[in-house]
Amino acid sequence: FKLRGINFTISAACASGSHAIGLGYHFIKTGLQECVITGGAQEINALSMSNFDA
């Protein structure tokens with residue numbers, strides 16, 4: 026895709042996607058980037074999800 030510019034990952038648990046969108050907004054608003062691609066995903070496996078069992 027020949028993407029260029031700032032690229033990194035954010036690790037903030039369930040808020041990672043929201044932080045990515047907020048930072049993308051900030052980069053555009055301050056003129057650091059003309060456009061951004063952001064998103065988030067959650068790994069689902071038995072070990073990590075077992076912490077949420079009541």
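Using the numbering used here, the first residue of the sequence shown is number 26, and each one after it goes up by one. Ideal Cβ placement from N, Cα and C applies to all residues, glycine included.
- Boundaries of the alpha helix (DSSP H) harbouring Lys54: Ser41 to Lys54, taken from the DSSP string.
- Secondary structure of Phe77 (DSSP, three-state): helix.
- Ranked by how close their Cα comes to the Cα of Ser36, the residues Gly65, Lys27 and Ala71 have Gly65 in first place.
- Scanning its chain for C-beta atoms nearer than 7 Å, with the 5 sequence neighbours on each side dropped, one finds around Ala45 the residues Ile35, Thr63, Gly64 and Gly65, in chain order.
- Shown here for Ile53: same chain residues with a beta carbon closer than 8 Å to its own, the five before and five after excluded, namely Glu59, Cys60 and Val61 in chain order.
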